[in-house]
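Visitor: Numbering (full-length UniProt numbering), first residue to last: 1 to 204. Virtual Cβ for every residue (Gly too), placed ideally from N, Cα, C. Since the model is a prediction, treat every value here as computed from it, not as a measurement.
1. Roughly how many angstroms lie between the CA atoms of residue 181 and residue 45, to the nearest whole one?
2. Note the first and the last residue of the continuous alpha helix (DSSP H) segment covering residue 96.
3. If you draw a straight line from the alpha carbon of residue 40 to that of residue 202, how long is it in whole angstroms?
4. Where does residue 40 fall in DSSP's three states?
5. Inspect the beta-carbon positions of residue 152 and residue 145 and report whether they are closer than 8 Å.
6. Under 8 Å, with one C-beta from each stretch per pair, do the stretch 121-130 and the stretch 168-180 reach the 3-pair mark?
7. Ordered along the chain, which non-local residues of its own chain (more than five positions away) have a Cβ less than 8 Å from that of residue 49?
8. Are the beta-carbon atoms belonging to residue 113 and residue 191 less than 8 Å from one another?
9. How big is the Cα-Cα spacing for residue 99 and residue 80?
10. Whose C-alpha, out of 125, 58, 111, 154, is nearest the C-alpha of residue 14?
11. Rounding to the nearest angstrom, what Cα-Cα distance links residue 11 and residue 136 in this structure?
12. Please give the ranges of any alpha helix (DSSP H) in the stretch 145-204, keeping only runs that are unbroken, at least 4 residues long and fully inside the region.
13. Below 8 Å on the Cβ atoms is my guess for residue 22 versus residue 115; work out the distance and round it to an integer in Å.
14. Does DSSP classify residue 72 as helix, strand or coil?
15. When DSSP labels each residue in this structure, what does residue 22 get in the three-state scheme?
16. Please report how far the alpha carbon of residue 164 lies from the alpha carbon of residue 138, in whole angstroms.
17. Taking C-beta to C-beta, are residue 189 and residue 67 nearer than 8 Å?
18. Quick one: residues in its chain with C-beta nearer than 6 Å to the C-beta of residue 94, no 5 flanking neighbours on either side, listed in chain order?
19. Leaving out five residues on either side along the sequence, give the residues of the same chain with a beta carbon under 7 Å from the beta carbon of residue 159.
20. For residue 59, does the three-state DSSP call read helix, strand or coil?
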């Protein structure tokens with residue numbers, strides 16, 4: 001239970017931190033135009049497009065998982081963030097779910113696809129905005145490794161940079177092209193990707 005509580009607290013703190021800049025930006029520039037939730041894309045997609053959105057989500061999830069296998073091969077022997085749950089067994093499943101869907105997926109989707117992408121796209125267009133966001137998203141994953149004092153070989157470096165970039169582009173496509181700017185489909189896909197990885201760690 002202590003693991004679950006600590007994971008939940010960490011998740012809430014991370015969501016608040018990742019939402020801080022978007023909230024301040026909304027408060028200054030967009031408060032009178034729309035709600036904060038709408039501003040960052042936390043809104044229901046068009047009901048008439050549910051089927052096409054679902055099909056797109058399944059397709060993107062399968063592609064991400066396939067590419068994820070390649071990434072894990074390149075990173076074999078390297079401890080990732082969800083290695084925290086390594087060998088903990090089914091008792092840690094609640095913590096894994098919170099970590100996967102809230103601490104990582106939700107906070108990152110709010111900031112990257114909900115705020116950064118939308119602001120860049122408004123100025124530079126979706127094509128350019130999505131590419132810049134993808135590069136920043138990938139760079140963040142690499143930077144977090146170096147921030148802990150660890151180093152990466154060239155193959156691990158490329159894998160850890162490129163995989164998140166591709167995922168970011170795919171999530172952007174689903175959110176912006178299929179779901180009218182809602183980040184909910186991307187959040188679900190992102191959460192499932194993290195959940196599968198986290199569950200895989202439980203038995204290691």
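Guide: A quick look at the data gives this:
1. Whole-angstrom Cα-Cα distance: 8 Å.
2. For residue 96, the uninterrupted alpha helix (DSSP H) run begins and ends at 93-98, by DSSP.
3. Cα-Cα distance, rounded: 33 Å.
4. DSSP places residue 40 outside both helix and strand once states are collapsed to three, so it counts as coil.
5. Taking C-beta atoms as the reference points, residue 152 and residue 145 count as a pair closer than 8 Å.
6. Flag = yes, the stretch 121-130 and the stretch 168-180 touch.
7. Sequence-distant Cβ neighbours of residue 49 in its own chain, meaning closer than 8 Å and more than five residues away, are 178, 179, 180.
8. No; because the gap between Cβ atoms is not below 8 Å, this pair is not in contact.
9. When rounded, the distance between both Cα atoms is 13 Å.
10. The shortest C-alpha separation from residue 14 is found at 111.
11. The alpha-carbon atoms of residue 11 and residue 136 are separated by roughly 22 Å.
12. As for any alpha helix (DSSP H) of minimum length 4 sitting wholly inside the stretch 145-204, the runs are 154-172, 184-202, ordered along the chain.
13. The pair is a contact, with the Cβ atoms about 4 Å apart (cut-off 8 Å).
14. Three-state DSSP puts residue 72 in a helix.
15. Note: residue 22 maps to helix in three-state DSSP.
16. Rounded to the nearest whole angstrom, the C-alpha separation of residue 164 and residue 138 is 5 Å.
17. No, the Cβ-Cβ distance between residue 189 and residue 67 is not below 8 Å.
18. Same-chain partners within the cutoff: 4.
19. For residue 159, where only same-chain residues beyond five positions count, the Cβ hits under 7 Å are 71, 74, 75.
20. If DSSP states are grouped into helix, strand and coil, residue 59 belongs with the helices.
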